[in-house]
Each structure stands twice: as C-alpha cells, then as structure tokens.
Amino acid sequence: VPNTCGPDPEGCIQFEWEHTRGVPITKANVAERAALLADQYRKSSKWFRSPHVLIPVGDDFKYKTPEKGEKLLSQWEMLYNYINEHSDEFRMTVQWSTLSRYFEKVTNNTL
1240 VPNTCGPDPE GCIQFEWEHT RGVPITKANV AERAALLADQ YRKSSKWFRS PHVLIPVGDD
1300 FKYKTPEKGE KLLSQWEMLY NYINEHSDEF RMTVQWSTLS RYFEKVTNNT L
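The letter at position 92 of the sequence shown is residue 1331 when you use this note's numbering, and the numbering goes up by one with no holes.
Encoded structure:
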C-alpha cells in the first residue's frame, strides 16, 4: 500500500518495511523519518474538511502473524512517539484509532 501515508508514493514506499526500498526506523534516523511522515500527513490533511485525518496503516496481510505485526507496530510506534514528543515542531499529534472513534471525533469535532 505504497500511497496510504500520503500523496507521494515515493515517500510512502519508504514506510513499507517489507519492500526493498523500506527504511527501518532506528534511533539514528527517527527524526528524519518522522519529518518525512509528518510531511506526508500534512499533505494528506488538505483532502479532509476536519482537523482529524484518517490514515490507514498497512493492509490485511501486513499483520498476518503476531511476529510480523509486532515488528511493524514497533516501527510505527517509534515514529508516532517521536512526532508526539515534538508536537509543537510538527504542529500535529498522531494516535491509533478505530473507524468508529474517528467518525465520532469528526462528527463532534473533538480531540
């Protein structure tokens, strides 16, 4: 799913860690990777009428084994934690959600 993180497939493919161009997240590159992801999310936000943006993470097959799911989630968590720890710099926060919680927030326009 190379373009789910935003409008630039070349940027998003870097977050497809099973792909040959995927770049694993480490302490050494998390700041740079988080900036790239935040840029994609910011570009995606222009497609929404709400301050809440829905970004799918992976597809059904990304989490087919517990080990695979844990590995992927740990990569996303490093990015999300970094963005949230620097929310003033990025002017955003990210969080996991469900569709029902997302639509509740959009409908009620709550954080």
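No residue lacks a Cβ here, since even glycine has one placed at the ideal position from N, Cα and C.
Can you give me the Cβ contacts of residue i inside the same chain, cut-off strictly under 7 Å, excluding the 5 residues immediately before and after it?
{"i": "Phe1329", "result": "Ala1277 and Ile1322"}
Just how far apart, CA to CA, sit residue i and residue j?
{"i": "Leu1311", "j": "Thr1346", "result": "30 Å"}
{"i": "Ser1339", "j": "Lys1266", "result": "33 Å"}
{"i": "Phe1254", "j": "Asp1327", "result": "23 Å"}
{"i": "Glu1309", "j": "Phe1287", "result": "30 Å"}
List the endpoints of the continuous alpha helix (DSSP H) containing residue i.
{"i": "Asp1209", "result": "Residue 1209 cannot be examined here, being either before or after the span of the chain that is shown, 1240 to 1350."}
{"i": "Phe1342", "result": "Leu1338 to Asn1347"}
{"i": "Glu1255", "result": "Where Glu1255 is concerned, there is no enclosing alpha helix (DSSP H), given that its DSSP letter is neither H nor E."}
{"i": "Ser1391", "result": "Within the shown structure, residues of the chain are numbered from 1240 to 1350, placing residue 1391 beyond reach of any answer."}
{"i": "Cys1251", "result": "Pro1248 to Cys1251"}
Leaving out five residues before and five after residue i in sequence, what residues of the same chain have Cβ atoms less than 8 Å from its Cβ?
{"i": "Tyr1280", "result": "Cys1244, Gly1245, Val1292, Ile1294, Met1331 and Val1333"}
{"i": "Trp1315", "result": "Val1296"}
For residue i, which residues from the same chain have a beta carbon less than 6 Å from its beta carbon, with the 5 sequence-adjacent residues on both sides left out?
{"i": "Ala1273", "result": "Leu1318, Tyr1321 and Ile1322"}
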